[in-house]
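Which chain is which? The protein sequence lines are G and Y, in order.
In terms of our numbering, the first sequence is residues 6 to 367.
In terms of our numbering, the second sequence is residues 946 to 1067.
Don't be surprised by glycine CBs; every beta carbon is placed ideally from N, CA and C.
Below is one structure, written out as structure tokens, with a few remarks after it.
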Amino acid sequence: MVTKEEKRFAKNFNINDLPDVPAGLPPHLKHQQARVVSKNNASANAEGDNVQLGNFYEDFKVDVISLTERDMQFDMIGIDSAFANAFRRILIAEVPTMAIEKVLIANNTSVIIDEVLAHRMGLIPIAADPRLFEYLSENDQPNEKNTIVFKLHVKCPRNRPRHKVLTSDLKWLPNGSELLREYGNSTSKPKTYTSFSCSQDSLPEFADNPIAPSDLDILIAKLAPGQEIELEAHAVKGIGKTHAKWSPVATAWYRMHPEVVLRGEVEDELAERLVKVCPQNVFDIEDMGKGKKRATVAQPRKCTLCMECKRDNDLLELVDLGSVKNHFIFNIESTGSLPPEVLFTEAVKILEAKCETVLEDF
Amino acid sequence: MEHGSITNNSHATFTLTEEDHTLANAVRFVLNQDPRVTVGAYTIPHPSHEKVNIRVQTTGDPASEVFKDACQELMQINRHVRSVFDKAVTAYKAEEERKAKEAEEELKRQRELFGSMDIESN
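Next comes the structure, spelled out in structure tokens:
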């Protein structure tokens, strides 16, 4: 005879609720799965994916630490390094910017030879939103949608000290090239090196903010009295994979969040030694009263895993250094074409677009 | 491009041109999260060729389906990352603005306080 109570019990029974059925990994193994432990002898860490996708949509978190016009630092928590690295790679090599690709030199009597001067010009970061431009393909005519033209004409007069040529001397030509092609017949409109159908400053995007280099104090060349540079520079859209001048970031990098744990009480003289030995000031001393002192981990984020604390034999066993595998401190340094937070969203969009092209092929 | 066998569609290698570690490693990660996948791995046969091979072996489902699902999942993840990131940035900017305003008000208040004090008489 089955009683009511037993029936109810059977209905609600779930084998996973039994106390002796393990739920997931035991704590010590779970810890091991989510951490990289640094040892004195750099042993090979077992590689493996640490993030379970099921939890990703609930657990993924972003904390902005600092954000300025050029720099950004943020924490990305709950994501695998495969993604962090993909975003980093895309930021460096695949987010487009505008950079000077062609330099037409009319006159250069400076000590810097044409090739070197052209190369220097190429590396100047330009503050123009690349999303407003198109790529210039091989058989395209340079026009107002794919080319930005700058003019540079500087002369150092005689009887004057040496003159510095800075990026502020670059003048934007919204109407395109002003240099005439030698062969163009005289009857039609004079031919230049670009074919703009309208002026760029008549476009609403550039009407209020003229295009200029993102820094106006970069030294391009130095001119002695009597020397002159006259040239025209054509900037086009490109990506960092082709040439680093198109990279929108000075660097983009990430590191795993360090984890510092004291395995036992570190007290008095030993505590003072620990605080002193750490070059990053990770540790702090806590007053326990009665003249007793205890070391605490005050700023684990500052730890660079330099292992200075592990060189002391007394401290070796007491300090545990490691990294949290799914907590990334991500840094972006923009060169000025776009603000860093926009660069990151662009990078994510590019990874998305990559998937889309793969899906289209099948 | 897919390289597989006619008799068994649960094993296949997918060749993507003009791609590298950036996409392949991310896809590999998503593939390995799928319980249907027994092998999910990638290789770049030669560093000077812009080509990557992604190997997919499944427990029985067609490999191309599983691969497609992985790409879809990857896009979904990207969208989620973007929305979370955008939210965090807007929140940070709003917080900074609030702090700046507070600091300004504090400065104004202090100035008024100093203005009302007769400093010379001290």
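Query	Result
Less than 8 Å between CB atoms is the rule here; does residue 90(G) satisfy it with respect to chain Y?	yes
Compute the Euclidean distance between the alpha carbons of residue 205(G) and residue 1044(Y), then round it to the nearest angstrom.	39 Å
In three-state terms, what does DSSP make of residue 989(Y)?	coil
Pull up the distance between the alpha-carbon of residue 348(G) and that of residue 25(G), whole angstroms please.	50 Å
Compare the C-beta of residue 350(G) with all C-beta atoms of chain Y and state if any pair is closer than 8 Å.	yes
Here's the rule: buried if 16 or more other CB atoms are within 10 angstroms of the residue's CB, otherwise exposed. What is residue 85(G)?	buried
Thinking C-alpha only, which one of 221(G), 157(G) and 263(G) is nearest residue 111(G)?	157(G)
At a Cβ threshold of 8 Å, is residue 363(G) touching chain Y?	yes
Along chain Y, which residues have their Cβ under 9 Å away from the Cβ of residue 216(G)?	Residues of chain Y passing the Cβ test: none, with the nearest at roughly 26 Å.
Out of curiosity, what's the CA-to-CA distance linking residue 1015(Y) and residue 131(G)?	38 Å
With DSSP as the reference, label residue 197(G) as helix, strand or coil.	strand
Taking only runs of the beta strand (DSSP E) that begin and end inside the segment 205–256 of chain G, which ones reach a length of at least 3 residues, in chain order?	224–228 and 233–243
Give me whichever residues DSSP pairs with residue 104(G) in a beta bridge.	241(G)
Scan the segment 1033–1064 of chain Y for residues whose Cβ lies nearer than 8 Å to a Cβ of chain G and list them as they occur along the chain.	1033, 1034, 1036, 1037, 1038 and 1041
Using a threshold of 8 Å, state whether the C-beta atoms of residue 133(G) and residue 245(G) are closer than that.	no
Report back the beta-carbon spacing between residue 221(G) and residue 172(G) to the nearest angstrom; my notes put them in contact at under 8 Å.	5 Å
Contact criterion: CB-CB distance below 8 Å. Does residue 52(G) meet it with respect to chain Y?	Any answer about residue 52(G) is weak, because its pLDDT of 47 lies below 50 and its placement is not dependable; what the coordinates show is given next. No, its Cβ sits nowhere closer than 8 Å to a Cβ of chain Y.
Along the chain, which unbroken stretches of the alpha helix (DSSP H) at least 4 residues long are found entirely within the segment 964–1025 of chain Y?	966–978
Expressed to the nearest angstrom, what Euclidean distance is found between the alpha-carbon atoms of residue 967(Y) and residue 1037(Y)?	29 Å
Could you check what DSSP says for residue 26(G) in three-state terms: helix, strand or coil?	coil
Is there contact between the segment 955–964 of chain Y and the segment 1040–1059 of chain Y, where contact requires at least three CB pairs shorter than 8 Å?	no
Counting only C-beta atoms, is residue 1013(Y) closer than 8 Å to chain G at any point?	yes
Which one or two residues does DSSP pair with residue 142(G) in a beta bridge?	Residue 142(G) is not bridged to any residue.
Quick one: give me the first and last residue of the alpha helix (DSSP H) that residue 346(G) is part of.	345–366
Is the separation between the beta-carbon of residue 1012(Y) and that of residue 87(G) shorter than 8 Å?	no
Candidates 962(Y), 1019(Y), 996(Y) and 964(Y): which alpha carbon is nearest residue 977(Y)'s?	1019(Y)
Pull the bridge partners of residue 328(G) from the DSSP assignment, please.	41(G) and 263(G)
Go through its chain and collect everything with a Cβ distance to residue 995(Y)'s Cβ below 8 Å, but skip five positions before and after it.	962, 963, 964 and 965
Please classify residue 987(Y) as buried or exposed, where buried requires at least 16 neighbouring CB atoms within 10 angstroms.	buried
Can you grab the Cα-Cα spacing for the pair residue 1006(Y) / residue 985(Y), in whole Å?	14 Å
Could you check the C-alpha separation between residue 259(G) and residue 339(G) for me, to the nearest Å?	15 Å
By DSSP, does residue 339(G) sit in helix, in strand, or in coil?	strand
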